[in-house]
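All remarks here apply to the structure that follows.
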Ligand code: LAG
Ligand code: CA
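Numbering (this note's numbering), first residue to last: 48 to 653.
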């Protein structure tokens with residue numbers, strides 16, 4: 048304990064912070080200590096516009112145990128607050144309009160943000176922040192306050208809480224030559240860099256003073272423990288201006304590494320706007336990859352996914368933050384999204400299976416097709432309320448058993464970066480393996496598909512990750528037997544099967560399972576409880592037979608029956624007294640024996 052405390056004191060030092068709310072604050076910042084052990088994974092869950100306590104909970108309960116390497120969070124800095132607007136109060140895009148760099152906004156306070164980072168690190172999950180550093184709140188705003196109470200003068204380009212003044216921005220007629228001051232010519236570097244992106248006040252990043260403020264903001268986040276950044280509108284920041292900002296970033300506290308950088312750069316630019324110009328400053332978001340997934344999953348030619356390594360995606364996989372969707376593309380429908388149901392889920396699992404880039408899974412909130420401005424679930428002040436994965440208002444694909452299973456599959460296989468034996472029994476059914484580490488199959492058709500695949504795996508029994516993977520001694524997921532390196536696999540309709548060496552059925556291969564029935568049944572004197580069912584060991588429903596249960600722990604009756612493995616069993620309890628038999632009412636009870644050697648059922652009659 049004492050040793051721990053001294054270590055903690057050792058890594059605390061005082062750091063002076065540039066003006067938050069006009070004052071110079073002195074905050075305690077944790078310095079680099081490589082002590083924290085974080086998950087060895089390149090998978091990120093992008094929990095877009097989830098509030099900080101909800102992200103903390105997700106890290107602790109879901110992402111950490113599932114093996115995610117990082118969580119991406121929406122912009123945490125103070126933003127404009129818009130009580131009314133065309134799409135309703137507090138549109139989601141408020142957070143992309145910075146008013147100051149205080150960590151205080153509709154997603155939570157600085158304290159909640161810090162607590163979230165600590166929870167995520169404790170769970171083994173890194174935190175990447177969406178950094179809005181190309182611009183501030185728009186000069187066209189009719190409101191002039193932010194969530195932390197700071198005010199700004201939109202038309203005067205004055206943001207005293209930073210502070211920025213008019214001279215810190217690009218202006219129409221000066222640096223920006225476009226007649227309305229906005230970017231219209233998307234392949235003109237002068238406009239793309241120096242004019243306003245949808246009316247947002249464009250920072251003069253060629254000024255060292257502006258860059259220092261941006262670097263100070265990012266280093267403040269790193270001091271809190273942040274491990275990387277998704278750089279908003281990175282296309283609109285000249286790479287030569289962003290490079291010194293990157294060079295000025297501190298090392299991360301958890302791992303003493305350069306922070307991870309994923310730049311948001313829309314593809315299609317040429318010359319100074321080509322993707323290749325940006326890669327020196329970090330990874331780039333995989334828009335072309337996402338568009339291509341939509342095309343192939345949309346037109347049903349999954350067999351063509353085998354040619355992915357030859358696709359011209361404009362970026363090497365190694366420098367790509369791969370995605371199926373993000374908050375912009377789910378609204379403009381340029382990619383698949385949660386609205387596409389099974390197709391979206393399958394594409395997300397495919398991204399985890401087929402080697403390309405670092406996978407970023409996405410979960411935002413549910414919104415009506417007709418209102419792409421709508422606020423996330425929030426109170427009347429705009430403060431975003433807790434994520435509830437059960438109330439239908441949020442997307443929670445990152446927490447699904449199948450997705451978590453695929454994260455484990457990805458982590459187990461990612462050291463082999465090639466694909467072997469790509470097999471397509473039909474245009475909508477594919478299977479492939481990553482060396483000897485894991486096999487993945489996907490069926491995008493509406494009927495189950497059974498085929499035999501080369502798996503690359505050692506012979507044995509594996510537990511499908513999609514349906515739950517392995518438990519001690521056996522499988523929760525569907526068992527898959529590999530024999531002579533091959534497996535005959537049934538992939539359910541619109542689903543997948545994924546097996547790997549880290550999810551094997553390690554128990555003795557049991558052809559029969561010792562199933563213990565424990566039933567709470569209240570009886571009268573002279574009555575005995577039996578279990579009957581559709582198996583011969585359960586007398587095939589004949590009331591003359593069945594297995595008598597012991598009342599030693601009355602009212603709990605117990606007994607053990609040997610039943611065949613991997614079999615769906617139907618059964619019921621009966622009370623017998625002499626020749627009188629009383630059946631349980633209702634449907635037959637049912638369960639699958641699975642492949643572990645023992646299983647216990649706990650039931651109550653009535
Ligand atoms: C991004 N990538 O470069 C974000 O992914 C994208 O979601 C952001 O736009 C954009 N950059 C600026 O950070 C979003 C909305 C815009 C919204 C903007 C600022 O898609 O529609 O603009 O955030 O809130 C809104 C209004 C505009 C208005 C502007 C300034 O829609 O009409 O001119 O605010 O007041
Ligand atoms: Ca710019």
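Every residue, glycine too, gets a C-beta built ideally from N, C-alpha and C.
Limits of the unbroken beta strand (DSSP E) element including residue 510
507-510
Kindly confirm or deny that the region 323-340 and the region 362-377 touch, where touching means at least three C-beta pairs closer than 8 angstroms.
yes
Separation of residue 415 from residue 507, as counted between CA atoms
48 angstroms
Using only the alpha-carbon positions, how far apart do residue 598 and residue 622 sit?
12 angstroms
Closest by CA to residue 553, which one among 542, 561, 584 and 516?
516
Close beta carbons around residue 549, own chain, < 6 angstroms, minus the five adjacent residues each side
459
Would you report the Cα separation of residue 620 and residue 582, rounded to the nearest angstrom?
14 angstroms
Run the proximity test for residue 280: is its beta-carbon closer than 6 angstroms to any non-hydrogen atom belonging to ligand 1?
yes
Report the rounded CA-to-CA distance for residue 256 versus residue 462, giving the unit in angstroms.
43 angstroms
Residue 416 (DSSP reduced to helix, strand or coil)
coil
If we call anything under 7 angstroms between Cβ atoms a contact, is residue 182 one with residue 250?
yes
May I ask you to check if the CB of residue 246 is nearer than 6 angstroms to at least one heavy atom of ligand 1?
yes
May I ask which residues mark the beginning and end of the beta strand (DSSP E) holding residue 624?
615-624
Is the beta carbon of residue 241 closer than 7 angstroms to that of residue 222?
yes
Please list the terminal residues of the continuous alpha helix (DSSP H) segment that includes residue 408.
No alpha helix (DSSP H) holds residue 408; the beta strand (DSSP E) holding it covers 405-410.
Short Cβ contact (7 angstroms threshold) for residue 145 with residue 119
no
For residue 490 and chain C, any beta-carbon pair shorter than 7 angstroms?
Although the question refers to chain C, the structure presented lacks it and comprises just one protein chain.
Is residue 252 closer than 7 angstroms to residue 284 when the C-beta atoms are compared?
yes
Assuming residue 645 and residue 578 are in contact, meaning their beta carbons sit under 8 angstroms apart, how far apart are those beta carbons, in whole angstroms?
That pair is no contact at about 16 angstroms.
Please indicate yes or no: does the CB of residue 319 lie closer than 6 angstroms to some heavy atom of ligand 2?
no
Does the distance between the C-beta of residue 139 and the nearest non-hydrogen atom of ligand 1 fall short of 6 angstroms?
no
Is it the case that the Cβ atoms of residue 319 and residue 236 are separated by a distance below 7 angstroms?
yes
Using three-state DSSP, classify residue 167 as helix, strand or coil.
helix
Looking at C-alpha atoms only, which residue of 446, 511, 390 and 509 is the closest neighbour of residue 476?
390
Out of 169, 630, 616 and 624, state which residue places its alpha-carbon closest to the alpha-carbon of residue 637.
616
Rounded to whole angstroms, how far is the Cβ of residue 184 from the Cβ of residue 248, which I believe are closer than 8 angstroms?
7 angstroms
Quick check on the burial criterion: 16 or more other C-beta atoms within 10 angstroms. Buried or exposed for residue 105?
buried
Please name the residue in 501, 213 and 489 whose C-alpha comes closest to that of residue 483.
501
Check each candidate in 601, 590 and 643 and name the one with the smallest Cα separation from residue 628.
590
Leaving aside the five residues before and after residue 227 along the sequence, list all residues of the same chain whose C-beta is less than 6 angstroms from its C-beta, in chain order.
none
Report yes if the CB atom of residue 202 is closer than 7 angstroms to the CB atom of residue 186, and no otherwise.
yes
Under 6 angstroms from any heavy atom of ligand 1, does the C-beta of residue 119 make it?
no
What are the complete alpha helix (DSSP H) segments, minimum 4 residues, inside the region 147-195?
157-169
What is the rounded straight-line gap between the Cα of residue 143 and the Cα of residue 650?
53 angstroms
heavy atom of ligand 2 below 6 angstroms from residue 240 C-beta:
yes
Could you tell me whether the region 153-172 touches the region 439-446, where touching means 3 or more Cβ pairs closer than 8 angstroms?
no
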